[in-house]
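In what follows, a structure is listed as structure tokens, so that the remarks can point back to it.
Numbering (our numbering), first residue to last: 1436 to 1544.
Encoded structure:
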């Protein structure tokens, strides 16, 4: 909206502040402004760190829940009963071995 403030604009603002507040009050005003900006920066960093920590905690909870779900599904799959004579794997047409019958069609010598 206002664009960037250049050096001439900054000098004009400082001169106006000097006229309004006077030479005795201006250093005190600068110190309090600096302290306020430092406090604001510290508070914003603290807020950002708190938010990042909350995100990490939530991600950790999600990963833990996912691992528990995978473990419970693995336990459920391993707990299925196996009938005698079976390997537990269903026989599919692709995995079934073909049977070969041998017939003797040749003549013996």
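For every residue, glycine included, the Cβ atom is placed at its ideal position computed from N, Cα and C.
The model shown is predicted, which means the values in this text are computed figures rather than measured ones.
Where do the ends of the alpha helix (DSSP H) carrying residue i lie?
| i | result |
| --- | --- |
| residue 1504 | 1442 to 1513 |
Taking 8 Å as the threshold (C-beta atoms), are residue j and residue i in contact?
| i | j | result |
| --- | --- | --- |
| residue 1461 | residue 1472 | no |
Any heavy atom of the ligand ATP inside 7 Å of the beta-carbon of residue i?
| i | result |
| --- | --- |
| residue 1503 | The ligand ATP is not part of the structure shown, which contains no ligands of any sort. |
Quick one: measure Cβ to Cβ for residue i and residue j, integer angstroms, because I've assumed they're closer than 8 Å.
| i | j | result |
| --- | --- | --- |
| residue 1468 | residue 1456 | With 8 Å as the limit, residue 1468 and residue 1456 do not qualify as a contact, their Cβ atoms being about 11 Å apart. |
Given residue i, which residues of its chain have a CB within under 8 Å of its CB, disregarding the five upstream and five downstream residues?
| i | result |
| --- | --- |
| residue 1436 | Unreliable positioning characterises residue 1436 in this predicted model, as indicated by a pLDDT of 48, which lies under 50. The coordinate reading is nonetheless provided below. Contacts found: none. |
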